[in-house]
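Undergrad: Counting in my numbering, the sequence shown runs from 3 upward without gaps. Structure in structure tokens, see below.
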Amino acid sequence: MKPKNLGELKQSGFHDLSIRQEIRKNLVSKLKTGETIFPDIIGYYQTVIPKIINAVLAGHDIIFLGERGQAKSRLMRSFVNLLDEEIPFIEGCEINDHPYHPVCRRCKALLKKKGDALPIAWKNRSGRYTEKLATPDVTIADLIGEIDPIKVAEGRYLADELTIHFGLIPRSHRGIFAINELPDLAEKIQVGLFNLMQERDIQIRGFNLRLPLEVFLLASANPEDYTNRGRIITPLKDRFGSEVRTHYPANWTDEITIINQEQKLVSLDGYQIITPRFMKEIIASISYEARSHPEIDQRSGVSVRMSIANYETIVSNAFRRSLRLQEREVVPRISDLSAAFASSLGKIEWFGLEEKREDQTFRAIVREAIRKVFASYFSDSAIEETLADFDHHKKIRVSEDMPAKKYGEQVKTIPSLHTSVERILEKHSPALIASALEFILEGLHLRGRLNKEEVGNEGVYRS
Ligand SMILES: [Zn+2]
3 MKPKNLGELK QSGFHDLSIR QEIRKNLVSK LKTGETIFPD IIGYYQTVIP
53 KIINAVLAGH DIIFLGERGQ AKSRLMRSFV NLLDEEIPFI EGCEINDHPY
103 HPVCRRCKAL LKKKGDALPI AWKNRSGRYT EKLATPDVTI ADLIGEIDPI
153 KVAEGRYLAD ELTIHFGLIP RSHRGIFAIN ELPDLAEKIQ VGLFNLMQER
203 DIQIRGFNLR LPLEVFLLAS ANPEDYTNRG RIITPLKDRF GSEVRTHYPA
253 NWTDEITIIN QEQKLVSLDG YQIITPRFMK EIIASISYEA RSHPEIDQRS
303 GVSVRMSIAN YETIVSNAFR RSLRLQEREV VPRISDLSAA FASSLGKIEW
353 FGLEEKREDQ TFRAIVREAI RKVFASYFSD SAIEETLADF DHHKKIRVSE
403 DMPAKKYGEQ VKTIPSLHTS VERILEKHSP ALIASALEFI LEGLHLRGRL
453 NKEEVGNEGV YRS
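Below, the structure is given as structure tokens:
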């Protein structure tokens with residue numbers, strides 16, 4: 003039975019830890035047992051996570067600095083796992099006061115009156131995490147609080163704490179408060195935030211109240227906004243004991259693991275989605291190329307969400323073909339990649355390019371991505387072997403809406419090419435062969451070994 007009043011709680015020996023101590027205690031016990039602390043976070047085990055652990059052990063508030071789509075929000079939300087399953091608080095308290103030492107006026111009075119009979123309630127950990135996206139229109143009332151006119155009308159004095167309607171941060175007392183895009187908070191709100199966190203003062207409309215809150219503060223920001231002079235008031239910056247820099251996946255494999263984990267496609271009855279490894283690598287590689295492209299604003303970055311959205315779009319384009327051609331297997335191929343332009347556009351900040359130029363630049367990025375992935379599969383000698391039977395009388399046609407079996411018929415006419423197609427596939431089926439064939443042909447073309455003519459929506463490769 004869970005304790006229902008202060009007396010029972012004391013008897014149960016419930017701890018008297020601050021939020022920071024509680025999180026540290028739970029982290030230490032996870033570290034001892036080797037439990038995964040941040041499940042679902044890919045590629046940060048050597049870089050970001052050790053820094054987070056240090057920060058928690060040090061009892062620091064943390065700011066995550068990184069470009070968009072680097073799992074900053076997800077990291078912040080993962081801190082919920084470091085909270086106790088449940089904690090007791092004084093029943094009816096708006097700010098979750100600890101039964102041992104309340105900070106709000108109502109509960110202090112109640113404790114004095116009731117003593118060990120003080121009624122307590124329990125709160126589970128998900129209710130102790132609050133997240134707010136900083137925007138310029140966030141107000142002091144939202145974050146800190148405001149005078150409640152109804153309470154004033156009831157005859158309370160303005161300076162009385164009991165007239166305050168608490169905002170999100172006081173309500174996060176003994177919990178985690180996470181602010182996304184911290185530099186977007188107006189300066190006066192930053193001042194209010196700082197006073198509350200550090201000086202433990204609430205300042206509302208000229209009234210000052212002392213309220214010793216315990217809040218574990220997390221924040222995120224774009225690194226350039228954060229270091230930009232004047233965007234963050236210095237004392238608030240000082241408040242964060244640790245700055246943790248996030249990053250994009252270090253390699254295709256990490257990016258693909260994230261795509262596999264996050265993509266929301268479901269196979270429909272009777273249709274099977276199979277995406278060859280090289281297609282996923284190309285999708286990851288497109289994001290990689292975009293992340294270093296001079297015509298893309300790297301300050302805001304290229305989110306991993308672009309890889310996920312591109313994957314979903316490319317597979318959907320393949321699915322549309324399967325429906326049209328009544329093919330049961332859904333296998334994306336090179337000719338589906340152009341569909342990704344739609345899912346990429348909104349995720350990239352171009353340096354003032356015209357729309358047509360954006361399209362051309364995106365195509366160039368896709369070509370470079372294919373070239374790199376192709377190079378990882380085909381050495382110079384493998385290219386020679388592939389081309390051995392590809393004489394100048396031969397040509398192969400491909401297109402987005404060509405049935406898979408037509409690819410199989412064509413490739414059989416060139417045995418050396420057929421061998422290479424089979425070599426890069428783990429399984430064989432008409433749709434997989436079509437995909438591998440397009441990949442190899444386009445790779446050879448980008449290496450300058452095959453000519454490609456585009457006629458309508460059809461591509462014709464010849465030597
Ligand atoms: Zn209270």
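Glycine included, C-beta positions come from ideal geometry on N, C-alpha and C. Everything numeric in this text was worked out from a predicted model, so none of it was measured.
So for Arg-326, helix, strand or coil by DSSP?
TA: Counting from one through the sequence shown, the residue named residue 326 turns up at place 324. It is helical.
Undergrad: Counting contacts by CB-CB distance shorter than 7 angstroms, is Thr-35 in contact with chain C?
TA: In the displayed structure, chain C is absent; only one protein chain is listed.
Undergrad: Please tell me whether Pro-334 and Ile-310 are closer than 7 angstroms, where the distance is taken between their beta carbons.
TA: In the sequence shown, residue 334 corresponds to position 332, counting from 1. In the sequence shown, residue 310 corresponds to position 308, counting from 1. Their beta carbons are not under 7 angstroms apart, which means Pro-334 does not touch Ile-310 by this criterion.
Undergrad: Going by Cα to Cα distance, which pick from Ala-390, Lys-266, Ala-433, Asn-224 is closest to Leu-327?
TA: Here residue 327 corresponds to residue number 325 of the sequence shown, with the count starting at 1. Residue Ala-433 is the option with its Cα nearest to Leu-327.
Undergrad: Where DSSP assigns a beta bridge to Ile-275, which residues make up the other side?
TA: Locating residue 275 in the sequence shown gives position 273, where the first residue counts as 1. Answer by DSSP bridge pairing, in chain order: Val-332.
Undergrad: Just how far apart, CA to CA, sit Thr-35 and Thr-388?
TA: Counted from its first residue, the sequence shown places residue 35 at position 33. Counted from its first residue, the sequence shown places residue 388 at position 386. Near 52 angstroms, if we compare the C-alpha coordinates of Thr-388 and Thr-35.
Undergrad: May I ask you to check if the CB of Pro-104 is nearer than 6 angstroms to at least one heavy atom of ligand 1?
TA: Along the sequence shown, read from residue 1 onward, the residue named residue 104 stands at position 102. At least one heavy atom of ligand 1 is nearer than 6 angstroms to the Cβ of Pro-104, so yes.
Undergrad: Specify the secondary structure class of Tyr-131 as computed by DSSP and reduced to three states.
TA: In the sequence shown, counting from the first residue as 1, residue 131 sits at position 129. The answer is strand: DSSP assigns Tyr-131 an E or B state.
Undergrad: Report the rounded CA-to-CA distance for Glu-455 versus Gly-461, giving the unit in angstroms.
TA: In the sequence shown, counting from the first residue as 1, residue 455 sits at position 453. In the sequence shown, counting from the first residue as 1, residue 461 sits at position 459. Roughly 6 angstroms between the two C-alpha positions.
Undergrad: Whole angstroms are fine: how far does the CA of Leu-198 sit from the CA of Leu-213?
TA: Taking the first residue of the sequence shown as position 1, residue 213 is located at position 211. Taking the first residue of the sequence shown as position 1, residue 198 is located at position 196. About 8 angstroms.
Undergrad: Going by beta-carbon coordinates alone, are Gln-320 and Asp-338 separated by less than 7 angstroms?
TA: In the sequence shown, residue 320 corresponds to position 318, counting from 1. In the sequence shown, residue 338 corresponds to position 336, counting from 1. Reading off the sequence, residue 320 comes out as Ala, not Gln. A contact, by the Cβ cut-off of 7 angstroms.
Undergrad: Taking the continuous alpha helix (DSSP H) assigned at Tyr-463, which residues delimit it?
TA: Stepping through the sequence shown from its first residue, residue 463 is reached at position 461. Taken as a continuous stretch (DSSP letters only), Tyr-463 belongs to no alpha helix (DSSP H), being part of the beta strand (DSSP E) at 460 to 464.
Undergrad: Confirm the yes/no value for this check: CB of Arg-130, any heavy atom of ligand 1, distance under 6 angstroms.
TA: Residue 130 sits at position 128 when you count from the first residue of the sequence shown. No, ligand 1 has no heavy atom inside 6 angstroms of this Cβ.
Undergrad: Quick one: give me the first and last residue of the beta strand (DSSP E) that His-103 is part of.
TA: Sequence index remark: in the sequence shown, residue 103 carries index 101 (1-based). Note, His-103: premise wrong, no beta strand (DSSP E); not H, not E.
Undergrad: Below 7 angstroms between beta carbons: does that hold for Gln-263 and Glu-314?
TA: One-based indexing of the sequence shown puts residue 263 at position 261. One-based indexing of the sequence shown puts residue 314 at position 312. In this structure, Glu-314 does not lie closer than 7 angstroms to Gln-263 by Cβ.
Undergrad: Among His-447, Asp-299, Glu-424, whose alpha-carbon lies nearest the alpha-carbon of Ala-436?
TA: Translated into the one-based positions of the sequence shown, residue 436 becomes position 434. Of the listed residues, the one whose Cα sits closest to Ala-436 is Glu-424.
Undergrad: Beta carbon of Asp-99: closer than 6 angstroms to some heavy atom of ligand 1?
TA: For this step, residue 99 is matched to residue 97 along the sequence shown. Asp-99: yes, Cβ under 6 angstroms from ligand 1.
Undergrad: Give me the residue from Pro-138, Ser-20, Ser-305 with the minimum Cα distance to Phe-218.
TA: On the sequence shown, position 216 is the one that residue 218 refers to. Comparing Cα positions, the closest option is Ser-20.
Undergrad: If you check the beta carbons only, do Val-375 and Glu-283 fall under 7 angstroms apart?
TA: Residue numbering aside, residue 375 sits at position 373 when the sequence shown is read from its first letter. Residue numbering aside, residue 283 sits at position 281 when the sequence shown is read from its first letter. For Val-375 and Glu-283, yes; Cβs fall inside 7 angstroms.
Undergrad: Does the distance from the CB of Phe-441 to the CB of Val-246 come in under 7 angstroms?
TA: Within the sequence shown, residue 441 is the residue found at index 439, counting from 1. Within the sequence shown, residue 246 is the residue found at index 244, counting from 1. Against a cut-off of 7 angstroms, the Cβ pair of Val-246 and Phe-441 comes out as no contact.
Undergrad: Any heavy atom of ligand 1 closer than 6 angstroms to the beta-carbon of Arg-322?
TA: What you label residue 322 is simply residue 320 of the sequence shown in a count that begins at 1. No.
Undergrad: Would you say Arg-464 and Lys-397 are within 7 angstroms of each other, going by their C-beta atoms?
TA: As a working note, residue 464 is residue 462 in the sequence shown. As a working note, residue 397 is residue 395 in the sequence shown. In contact: Arg-464 and Lys-397 (Cβ atoms closer than 7 angstroms).
Undergrad: On the three-state DSSP scale, how would you describe Pro-138?
TA: As a position in the sequence shown, residue 138 is number 136, starting the count at 1. Coil at Pro-138, not helix or strand.
Undergrad: Count the other CB atoms, across all protein chains shown, that sit within 10 Å of the CB of Ala-292; report buried if there are 16 or more and exposed otherwise.
TA: Taking the sequence shown and counting its residues from 1, the one referred to as residue 292 is at position 290. Looking at its Cβ environment, which holds 16 or more other Cβ atoms inside 10 Å, Ala-292 is buried.
Undergrad: Following the continuous alpha helix (DSSP H) through Arg-79, name the residue where it begins and the one where it ends.
TA: Counting from one through the sequence shown, the residue named residue 79 turns up at place 77. That run of the alpha helix (DSSP H) goes 74 to 80.
Undergrad: Taking the continuous alpha helix (DSSP H) assigned at Leu-439, which residues delimit it?
TA: Here residue 439 is taken as the residue at index 437 of the sequence shown, counted from 1. Note, Leu-439: alpha helix (DSSP H), 432 to 448.
Undergrad: Any contact between the region 173 to 187 and the region 135 to 142? By contact I mean 3 or more CB pairs, one from each, below 8 angstroms.
TA: Contact holds: three or more Cβ-Cβ distances are below 8 angstroms.
Undergrad: Run through DSSP, which three-state label would Asp-227 get?
TA: Working through the sequence shown from its first residue, we reach residue 227 at position 225. It is helical.
Undergrad: Report back the beta-carbon spacing between Leu-29 and Ile-43 to the nearest angstrom; my notes put them in contact at under 8 angstroms.
TA: What you label residue 29 is simply residue 27 of the sequence shown in a count that begins at 1. What you label residue 43 is simply residue 41 of the sequence shown in a count that begins at 1. In fact, because the Cβ distance is near 15 angstroms, the residues do not count as touching under 8 angstroms.
Undergrad: Can you give me the C-alpha to C-alpha distance between Phe-196 and Met-308, rounded to a whole angstrom?
TA: Sequence index remark: in the sequence shown, residue 196 carries index 194 (1-based). Sequence index remark: in the sequence shown, residue 308 carries index 306 (1-based). Each residue's Cα considered, the two are about 35 angstroms apart.
Undergrad: Measure the C-alpha to C-alpha separation of Ala-73 and Gly-9 and round it to an integer number of angstroms.
TA: Position 71 of the sequence shown, counted from the first residue, corresponds to residue 73. Position 7 of the sequence shown, counted from the first residue, corresponds to residue 9. Taking the straight line joining both Cα atoms gives about 43 angstroms.
Undergrad: Per DSSP, Phe-196 forms a beta bridge with which residues?
TA: Position 194 of the sequence shown, counted from the first residue, corresponds to residue 196. Beta-bridge pairing links Phe-196 to no other residue.
Undergrad: At the level of alpha carbons, what is the spacing between Pro-225 and Ala-60?
TA: By 1-based counting over the sequence shown, the position of residue 225 is 223. By 1-based counting over the sequence shown, the position of residue 60 is 58. Rounded to the nearest angstrom, the two C-alpha atoms are 23 angstroms apart.
Undergrad: Applying the criterion that 16 or more other CB atoms from any shown protein chain within 10 Å of the CB defines a buried residue, is Ala-252 buried or exposed?
TA: Looking up residue 252 in the sequence shown gives position 250. Burial call: exposed.
Undergrad: Please indicate yes or no: does the CB of Arg-108 lie closer than 6 angstroms to some heavy atom of ligand 1?
TA: The residue given as residue 108 occupies position 106 in the sequence shown. At least one heavy atom of ligand 1 is nearer than 6 angstroms to the Cβ of Arg-108, so yes.
Undergrad: Could you spell out where the beta strand (DSSP E) holding Ile-235 opens and where it closes?
TA: Stepping through the sequence shown from its first residue, residue 235 is reached at position 233. Element bounds for Ile-235: n/a, residue is neither H nor E.
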